[in-house]
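*Asks:*
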Amino acid sequence: NAGVTQTPKFQVLKTGQSMTLQCAQDMNHNSMYWYRQDPGMGLRLIYYSASEGTTDKGEVPNGYNVSRLNKREFSLRLESAAPSQTSVYFCASKGQGAVGYTFGSGTRLTVV
Amino acid sequence: SQQGEEDPQALSIQEGENATMNCSYKTSINNLQWYRQNSGRGLVHLILIRSNEREKHSGRLRVTLDTSKKSSSLLITASRAADTASYFCATDMTTDSWGKLQFGAGTQVVVTP
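Just so you know, the sequences run in chain order U and B. To convert, take the position in the first sequence, counting from 1, and add 1203; that gives the working numbering. To convert, take the position in the second sequence, counting from 1, and add 1466; that gives the working numbering.
Here you go:
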């Protein structure tokens, strides 16, 4: 089915470890986004990519890096994981002229 | 700080009743969107209302927007158990085609049979 695919779905990291969250969309969307969702706080924008070749910081970028590998793929990297990064991470995409975002099913990350 | 704030935080109703939730925001917007999130899943786009619109309908959903009060409401009529979910408002302050949404903390709705 067309949509946004995130991997992995679950991950447990030790403090200081690194990892990359993968996101791919097959809808030919120009724009892609990474959000984190914490209880009682809604979703907060980490980074976004308005179009292939561009990335920009969102509301909470510290501790994260991103790569827009091509039009389909937008990855989020944690270089040195901290317990404060325990969260559910969502990738989303939007096509030009589209009404709303299309979200992936999320990655539940726990940092111990 | 969050742009959108939903009220109430939680809502429990019976099937067939209407569910109303509100969203207030702080700064001027280009559009406001509502999303639904079922437990453990991603968000699903429900409806978008632009800043020059006052009311919009989609099936059993009715959205209003009052830019003078910086508030919006989402009404779900004749609710069903399948409407049990969290509902989020999101504001887009940009006029760019790619947008950049800010989400509120959500309203958790439970519909009991």
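Quick reminder that beta carbons are idealized off the backbone N, C-alpha and C, glycines included. Remember, predicted model here, so these are calculated numbers, not experimental data.
#1: So what's Asp-1549(B) in DSSP terms, helix, strand or just coil?
#2: What's the gap between the Cα of Ser-1296(U) and the Cα of Gly-1256(U)?
#3: So, is Gly-1482(B) buried or exposed, given that buried needs 16 or more other C-beta atoms within 10 angstroms?
#4: Which residues in the same chain have their Cβ closer than 7 angstroms to the Cβ of Asn-1273(U), if we skip the five residues on either side of it in sequence?
#5: Do Arg-1502(B) and Leu-1512(B) have their C-beta atoms within less than 7 angstroms of each other?
#6: Determine the chain B residues that contact Phe-1293(U) at a beta-carbon separation under 8 angstroms, and present them in chain order.
#7: Report the three-state DSSP secondary structure of Leu-1527(B) (helix, strand or coil).
#8: Going by C-alpha distance, which of Cys-1294(U), Ala-1301(U), Pro-1286(U) is nearest Thr-1218(U)?
#9: Answer with yes or no whether the minimum CB distance from Leu-1527(B) to chain U is below 7 angstroms.
#10: Please work out which residues of its chain come closer than 6 angstroms, Cβ to Cβ, to Thr-1530(B), disregarding the five sequence neighbours upstream and downstream, and give them in chain order.
#11: So with CB distances below 9 angstroms, who are the chain B contacts of Phe-1306(U)?
*Replies:* Inspection of the coordinates gives the following:
#1: Under the three-state reduction of DSSP output, Asp-1549(B) falls in the helix class.
#2: Across the structure, Ser-1296(U) and Gly-1256(U) are spaced so that their CA atoms are roughly 15 angstroms apart.
#3: Gly-1482(B) comes out exposed.
#4: These residues qualify, in order along the chain: Glu-1255.
#5: Judged by their CB atoms, Arg-1502(B) and Leu-1512(B) are nearer to each other than the 7 angstroms cut-off.
#6: Here the neighbours are Gly-1508, Leu-1509.
#7: In this structure, DSSP gives Leu-1527(B) an extended state, which the three-state scheme calls strand.
#8: Answer by Cα proximity: Pro-1286(U).
#9: Answer no: the Cβ-Cβ gap between Leu-1527(B) and chain U never drops below 7 angstroms.
#10: Sequence-distant Cβ neighbours of Thr-1530(B) in its own chain, meaning closer than 6 angstroms and more than five residues away, are Glu-1521, Ser-1539.
#11: Neighbours of Phe-1306(U) in chain B, taken as residues at a C-beta separation under 9 angstroms, are given in chain order as Tyr-1501, Gln-1503, Arg-1507, Gly-1508, Leu-1509, Val-1510, His-1511.
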